[in-house]
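Residue numbers (this note's numbering): 12 to 245. C-beta atoms are modelled at their ideal positions from N, C-alpha and C, and glycine is treated no differently. First the structure, in the form of structure tokens, and then the observations on it.
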Amino acid sequence: MNARKFIFAYLSRRSFATTDQSEVQFFNKFSSEWWDETGPLKPLHSFNKLRIPFIREGLIQNGSIDKNYINTSTILTGLKIIDVGCGGGILSEPLAKLGAKVTGLDMTDEALKVAKHHAKINNVHNVAYLKSSIEDYAIENEEKYDAVVASEVIEHVENKEEFIQACVKCIKPGGAIFITTISKTLVAEIFAIGVAEYIGVVPKGTHEIDKFIQPHDLQRILEKCNSFQNYGVS
Numbered sequence: 012m013n014a015r016k017f018i019f020a021y022l023s024r025r026s027f028a029t030t031d032q033s034e035v036q037f038f039n040k041f042s043s044e045w046w047d048e049t050g051p052l053k054p055l056h057s058f059n060k061l062r063i064p065f066i067r068e069g070l071i072q073n074g075s076i077d078k079n080y081i082n083t084s085t086i087l088t089g090l091k092i093i094d095v096g097c098g099g100g101i102l103s104e105p106l107a108k109l110g111a112k113v114t115g116l117d118m119t120d121e122a123l124k125v126a127k128h129h130a131k132i133n134n135v136h137n138v139a140y141l142k143s144s145i146e147d148y149a150i151e152n153e154e155k156y157d158a159v160v161a162s163e164v165i166e167h168v169e170n171k172e173e174f175i176q177a178c179v180k181c182i183k184p185g186g187a188i189f190i191t192t193i194s195k196t197l198v199a200e201i202f203a204i205g206v207a208e209y210i211g212v213v214p215k216g217t218h219e220i221d222k223f224i225q226p227h228d229l230q231r232i233l234e235k236c237n238s239f240q241n242y243g244v245s
């Protein structure tokens, strides 16, 4: 047994989620507001205008897109994508509407209820929502996905290295990982926390500067997992 298999075989004997339970409790409060595009989660809805093209173009560059679908409204047809920390499905559902078979993972009960209900009433059938950490889910789902998305999630995670390793474990050979997060800088502390929370752009307590990560630190972790294609960190 090689070292990598031994490590995961050992860890599989326990739950090793890196989820911060205080974060779970915080986001449980937004059950009635996940799909209110003018509410406290408005920034996530607005951010879809950037992150959906980011994912789409990355998959085109990676050669994952079936050429028969490139110029269609279901460009992601045939792809399996996992959305880690999916919340109420704000990103998962649009990706499913583009044709992907999407699995949304989250640890927040109320958010998952909202996500499932919203998909049902909008007749989106190719998205499934599960309560699980990526660390536990990866144990039984190694190399099953064309892409893993972790958008605005890693800044809420305790052990970032274990989190990313688990994400990468789920990716098929030649697949891609897409990460978006707030960089750990003074500017981010001033605007993403200070100004944004003060004027009500995001709810107070959404972010903690100590949990932010600098780009070079994230890149270092990604480079350790050199079995996949990385299309960018923003």
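- Counting the other CB atoms within 10 Å of its CB gives His136 a total below 16, which places it among the exposed residues.
- Considering only Asn134, Glu154, Glu121, Pro226, the residue with the shortest C-alpha distance to Ile165 is Pro226.
- Minimum Cα-Cα distance from Thr191 among the listed residues Leu102, Asn170, Asp157 corresponds to Leu102.
- Note: Val179 is not bridge-paired with any residue in the DSSP secondary-structure output.
- Listed as beta-bridge partners of Thr85 by DSSP are no residues whatsoever.
- Taking C-beta separations shorter than 6 Å and ignoring five residues to either side along the sequence, the partners of Ile175 in its chain run Ile232, following chain order.
- Cys181 is a Cβ neighbour of Glu153, given a cutoff of 8 Å.
- In the three-state reduction of the DSSP assignment, Leu52 falls in the coil class, being assigned neither a helical nor a strand state.
- Taking a contact to require three or more Cβ pairs closer than 8 Å, the stretch 110-130 and the stretch 47-65 do not qualify as touching.
- In the displayed model, Ser162 falls within a strand according to three-state DSSP.
- Here DSSP, grouped into helix, strand and coil, assigns Lys108 to helix.
- DSSP links Tyr156 through a beta bridge to Ile182.
- Collapsing the DSSP output to three states places Val125 in a helix.
- Apart from sequence neighbours up to five positions away, the residues of its chain that approach Gly50 with a beta-carbon distance below 7 Å are Glu44, ordered along the chain.
- Shown here for Glu172: same chain residues with a beta carbon closer than 7 Å to its own, the five before and five after excluded, namely Ile232 in chain order.
- Residue range 91-95 is occupied by the beta strand (DSSP E) that includes Lys91.
- With distances taken between CA atoms, Leu87 lies nearest to Lys112 out of Val179, Lys112, Gln72.
- Selection Lys78, Val159, Val168 evaluated against Gly185 yields Val159 as nearest (Cα-Cα).
- The straight-line gap separating the alpha-carbon atoms of Lys183 and Ser75 is approximately 11 Å.
- Pairing Lys127 with Tyr140 gives a Cβ-Cβ distance under 8 Å.
- Residue burial is scored here from C-beta neighbours: Asp47 has fewer than 16 other C-beta atoms within 10 angstroms and is therefore classed as exposed.
- Here DSSP, grouped into helix, strand and coil, assigns Leu141 to strand.
- Judged by DSSP in its simplified three-state form, Leu116 adopts strand.
- With fewer than 16 other CB atoms across the displayed protein chains lying within 10 angstroms of its CB, Thr83 is exposed.
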